[in-house]
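The structure under discussion appears below in the form of structure tokens.
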Amino acid sequence: MNHLLSIADLDRQAIERIVSQAERFAEVSDRDIKKVPALRGRMVLNLFYEASTRTRSSFELAAKRLSADVVNFAASGSSVEKGESLKDTVLTLSAHKPDAIVLRTPWAGASELVSRWCSAAIVNAGDGKHEHPTQALLDVYTLRRRLGEIDGARIWIVGDVAHSRVARSNVLAFQRMGAQVTVAGPPTLIPREIEALGCEVRYTLDELHRADVVYALRMQHERMSETWVPSIREYAAWYQINAQRLKPDQVLMHPGPVNRGVELSGEVVDSPQAIITAQVEAGVVVRMAVLYELLAGAHEGAHPPPAPAGAASAAGAGAAEIQNPSGVVEGQPA
Amino acid sequence: MSAVELLIGAEGAPARLLLRDVRAIDPRTSLAARLDVRVRQGAIAELADPETLVQDEHEELIDGGGRLALVPAFFDPHVHLRTPGQEHKEDIDTGTRAAAAGGFAGVIAMPNTDPVLDSAPLLRSVRDAAARQAHVRVGFLAAITRGLAGEQLTEMAELRREGALGFTDDGKPVQSAGMLRKALQYQRLCGGVIALHEEDPTLSRGGHMNEGALSAALGIAGIPTLAESTMVARDAAIAGYEGARVHFQHLSCAASVNALAAAKTAGVRASGEVSPHHLLLTDEAVRSLDTRMKMHPPLTAEEDRIALIEGLRDGTIDCVATDHAPHARDEKEVPFEQAPMGTTGLETAFAALYTELVLPGVLPLELLLERMGAGAALFGLPANAIEPGASANLALLDLDAEWIAGEHGWHSRAENCCFAGRLLRGRVLLTLSAGAISHRDRHPAMAEA
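Chains as they are written, first to last, in my numbering: chain A, 2 to 335; chain B, 4 to 452.
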């Protein structure tokens, strides 16, 4: 695997390989010293054209735990605001020879374009309303930990599907893992012919009780001013996941950040069914697994470079490292 | 009303040619015969049985060998020459070179330039430029509304007197029905065809491609074909009410073809055009997010494509128009949603349609030739013809020649052609515009004697 551009490119085997690798990295995260030297000397460039706190910091943390150097480049306050094109920005930053570029843009297909312009491995951290593959991978990881297996699970994705890259990636990823996916939301926010992705469509939550997993999407306030729905109040009345609608045996997920009182009621966010914080935790280990897969060639059976003796103190911004990573990266899945 | 020439171009040296034993095909006169054709002083001087005319010493001989086809040159009622203001995309010189290379001897340029062609002084200046630079004859449409803003009519009568063939706000619709009605009423004073880019922006807003399964999967906002067809129906009704003459540009869907057919049946003086890309491609071509596949209106579904072909066949759609829309490489080398709309089309129009529609037997060659020339008459211009005394607007074609589109570059300044890289059959060897050679292919048969 050279790039992670979309879930559409991945088969079940590839998803499972990344998720299993993430499980191995999860063991490291539970230790006092959370860092491994797998990507020492490699450079990961975070190139973000949209505001992002959690995704960007999650990638940054993932790269640092693998001992990679990280450079953050935000489009605001940069040459991009002076009118530089995406291509020129990428070519300029490529002069620093990054090994991977983590890219978020408001444009569908931008990561694939960039993958043709430079030699770095490209990780799509969100391309417009198209895909957000690492979110889907961390959701598969989280759900698998919760359910054991995803095969046969009935998963409802509820809310603003039209504007959600998370919805598209997750419909594909959950189906790859054997789930039956239904998308539900206001008719104005469900794209025409979305069924072509293989999911079912509902415009009410009348049958929500049939779901094993309820995945609520973030409802953005600006959709109101664009009159996609009449009001937040009416949206919440019909589509909010609350204690009346959520059954005790259902699992609740959300990509964050949550609008309490809009797509989710406060009580369900704090309920034991919600695995929203587990999703956030999973973000780091899954992104470690993605970077490791792309840069260390894990799938080809290659081993991470052994840590040279005495290297621990020389690298990694003063952070301590695990001298022998083999028990982590080559160990058996938990 | 026209004291001025409606089509204008640089005076080329009149060719003295003897085209020996060519397959002359003129669908308007049902001519299909092997002939010798003599061109002299800008006109077709003589038609005779094959191998009967004798070359004189001042004459270049081109031997068709009974194989090369001679047809009336094509006419494109919809091109963007980007002059003034966007010469980094195209200009009159390069755009009309591209036209000539595609077998066109006449084109109509759209007014959505920078500044917009909405005043007589501007029209005079671009016509002056065309008189110096154009390799084929160029006609100009002026804007319907000032600055294409949809708020105030241009000085249509003066623009007509200065040579505007008609009017369009192409690139944008005339959104206000009331504004369009005023323009159509004013047409009674000034004449000229009113050509309409049909799009309801409240339906298309924010869209970058056809609405359908693919736009849903890509997460790209879709444009429903309704955005076009409802406006065709609306404007046909207004034109019918006012008895006005309208032309619907770049039709892209089945519902628009039906709306145009209904308008014609009801007696509305309406005509329509369709582009090669809408006849040959569907939105499936957008899957790779190749920005050359981004155009306005967008590529639509297969059933729309079939309806467009049927509409062209039965005459509901009157003619082919390329909507040649050049853009600079760096403008198109961006993510799909950032890219400007448009594909070039002049250099590939005939070969692409011949390869994909005529060779498989979907449309007869004669019908394609007719529809590629019919745009002239729609704008009140004489049709090109193969007959003695006619102005020599001719294209010599090698229908067997294969070539890869764009393989050796383009005559256009732009390279954003949706057919680039395709293997095409049918090549334009020579184009005569008003009796002058405006294009000569790099082909052995075409080496100057």
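The beta carbon of each residue, even a glycine, is placed where N, CA and C say it ideally should be.
Quantities reported herein were computed from a predicted structural model and do not represent experimental measurements.
inquiry  = If we require 4 or more residues per run, which alpha helix (DSSP H) segments fall completely within the stretch 243–304 of chain B?
reply    = Assignment of alpha helix (DSSP H) within the stretch 243–304 of chain B, counting only whole runs of 4 or more residues, yields 257–268, 279–283 in chain order.
message = Please confirm whether phenylalanine 339 of chain B has its beta-carbon closer than 8 Å to some beta-carbon of chain A.
response = For phenylalanine 339 of chain B, the nearest beta carbon of chain A is closer than 8 Å to its own beta carbon.
request  = Drop a sphere of 10 angstroms on the beta-carbon of histidine 255 of chain A, count the other beta-carbons inside from all chains shown, and report buried for 16 or more, exposed for fewer.
outcome  = Looking at its Cβ environment, which holds 16 or more other Cβ atoms inside 10 Å, histidine 255 of chain A is buried.
query = Should alanine 312 of chain A be flagged as near chain B, meaning a C-beta pair shorter than 8 Å?
reply = Note that alanine 312 of chain A scores 39 on pLDDT, short of 50, meaning its location in the model is unreliable; the coordinates nonetheless yield the value given after this. Residue contact check for alanine 312 of chain A against chain B: no CB pair falls below 8 Å.
query = Between alanine 279 of chain A and glutamine 251 of chain A, what straight-line distance do the alpha-carbon atoms span, to the nearest angstrom?
reply = Rounded to whole angstroms, alanine 279 of chain A to glutamine 251 of chain A spans 16 Å at the Cα level.
task = Specify, as a first and last residue, the run of the beta strand (DSSP E) that aspartate 403 of chain B falls within.
result = Counting along the chain, aspartate 403 of chain B sits inside the beta strand (DSSP E) bounded by residues 397–407.
query = Secondary structure at alanine 181 of chain B, three-state DSSP: helix, strand or coil?
reply = The identity of residue 181 of chain B in the sequence shown is glycine, whereas the question assumes alanine. It is helical.
ask   = Is leucine 64 of chain B closer than 8 Å to arginine 37 of chain B when the C-beta atoms are compared?
value = No, these two residues do not count as a Cβ contact at 8 Å.
inquiry  = If you reduce the DSSP assignment to three classes, tell me which class isoleucine 320 of chain B lands in.
reply    = Isoleucine 320 of chain B falls in the coil class under three-state DSSP.
task = Identify every residue that forms a DSSP beta bridge with histidine 210 of chain A.
result = Beta-bridge partners of histidine 210 of chain A (DSSP): none assigned.
Per-residue contacts from arginine 166 of chain A into chain B (C-beta, under 8 Å) = Result: Gly222.
ask   = For glycine 429 of chain B, which option in B:Cys420, B:Ala408, B:Ser436 has the closest C-alpha, if you only look at C-alpha atoms?
value = Cα-wise, what sits closest to glycine 429 of chain B is B:Ala408.
6 Å CB neighbourhood of proline 134 of chain A in its chain, flanking five on each side removed = Short of 6 Å from the beta carbon of proline 134 of chain A, and not among the five residues preceding or following it, lie these beta carbons of its own chain, in chain order: Leu5, Ser7, Ile8, Asn125, Ser170.
query = If you run the structure through DSSP and keep just helix, strand and coil, what is threonine 56 of chain A?
reply = Threonine 56 of chain A carries a helical assignment under DSSP once its states are collapsed to helix, strand and coil.
task = With a 10 Å radius around its C-beta and 16 neighbouring C-beta atoms as the bar for buried, classify valine 20 of chain A as buried or exposed.
result = Under this definition valine 20 of chain A is a buried residue.
inquiry  = For histidine 131 of chain A, which residues in the same chain have their Cβ closer than 8 Å to its Cβ, ignoring the five residues on either side in sequence?
reply    = Excluding sequence neighbours, histidine 131 of chain A sits near Ser7, Ala109, Gly110, Arg166, Arg169.
inquiry  = Please report whether the beta-carbon of glycine 215 of chain B lies at a distance below 8 Å from any beta-carbon of chain A.
reply    = Chain A, which has a Cβ nearer than 8 Å to the Cβ of glycine 215 of chain B, makes this yes.
ask   = For the ligand FAD, is there a heavy atom less than 7 Å away from the beta-carbon of serine 122 of chain B?
value = Absence of the ligand FAD is noted for the structure shown, with no ligands found whatsoever.
query = Based on Cα-Cα distance, which residue from A:Leu173, A:Asp100, A:Leu40, A:Ile156 lies nearest to glutamine 181 of chain A?
reply = Looking only at A:Leu173, A:Asp100, A:Leu40, A:Ile156, the smallest Cα-Cα distance to glutamine 181 of chain A is reached by A:Ile156.
key: Unbroken alpha helix (DSSP H) run spanning valine 135 of chain A, endpoints   = The sequence shown places threonine at residue 135 of chain A, not valine. It spans 134–148 - the alpha helix (DSSP H) in which threonine 135 of chain A sits, taken as one unbroken run.
inquiry  = Taking its Cβ as the centre, do 16 or more other Cβ atoms sit within 10 Å of glutamine 136 of chain A, making it buried, or is it exposed?
reply    = Taking all protein chains in view, the Cβ of glutamine 136 of chain A is crowded by 16 or more other Cβ atoms within 10 Å, so the residue is classified as buried.
Chain B within 8 Å of glycine 284 of chain A, Cβ atoms only = Chain B, which has no Cβ nearer than 8 Å to the Cβ of glycine 284 of chain A, makes this no.
request  = Could you check the C-alpha separation between alanine 258 of chain B and histidine 442 of chain B for me, to the nearest Å?
outcome  = Cα-Cα distance, rounded: 39 Å.
key: Residue range of the alpha helix (DSSP H) that includes glutamate 16 of chain A   = Note on residue identity: the sequence assigns isoleucine, not glutamate, to residue 16 of chain A. If you look at isoleucine 16 of chain A, you'll find it in the alpha helix (DSSP H) that goes 13–30.
query = Can you list the residues of chain B that glycine 129 of chain A reaches, using a CB-CB cut of under 8 Å?
reply = Close to glycine 129 of chain A, with beta-carbon spacing below 8 Å, are these residues of chain B in chain order: Gly222, Ile223, Pro338, Glu340.
query = Out of B:Ala219, B:Arg316, B:Ala35, which has the shortest C-alpha to C-alpha gap to leucine 366 of chain B?
reply = Cα-wise, what sits closest to leucine 366 of chain B is B:Arg316.
Interface residues of chain B facing arginine 193 of chain A [CB-CB closer than 9 Å] = Here the neighbours are Glu214, Gly215, Ala216, Ser218, Ala219, Gly225, Pro227.
ask   = In chain order, which alpha helix (DSSP H) runs of at least 4 residues are fully inside the stretch 162–245 of chain B?
value = The qualifying runs are 180–193, 204–207, 216–221, 229–245.
task = With DSSP as the reference, label phenylalanine 339 of chain B as helix, strand or coil.
result = It is helical.
query = Are the C-beta atoms of proline 306 of chain A and some chain B residue less than 8 Å apart?
reply = With a pLDDT of only 41 at proline 306 of chain A, under 50, the local geometry of the prediction cannot be trusted, and no value is derived from it.
query = Tell me the DSSP bridge mates of aspartate 148 of chain B?
reply = Aspartate is not the amino acid found at residue 148 of chain B; the sequence shown has threonine there. In the DSSP output, where bridge partners are listed per residue, threonine 148 of chain B has B:Leu156.
ask   = Can you list the residues of chain A that leucine 292 of chain B reaches, using a CB-CB cut of under 8 Å?
value = Result: Ala109, Gly110, Glu113, Leu114.
Outcome for proline 249 of chain A when other beta-carbon atoms lying within 10 angstroms are tallied against a minimum of 16 = When all chains shown are included, proline 249 of chain A counts as exposed.
inquiry  = My output table needs one value for alanine 180 of chain A: the three-state DSSP class, helix, strand or coil.
reply    = If DSSP states are grouped into helix, strand and coil, alanine 180 of chain A belongs with coil.
inquiry  = I'd like the ranges of any beta strand (DSSP E) spanning at least 3 consecutive residues and lying wholly in the stretch 230–270 of chain A.
reply    = The stretch 230–270 of chain A contains these whole beta strand (DSSP E) runs: 252–254.
request  = Provide the residue span of the alpha helix (DSSP H) that contains valine 285 of chain A, from first to last.
outcome  = Here the alpha helix (DSSP H) through valine 285 of chain A covers 277–297.
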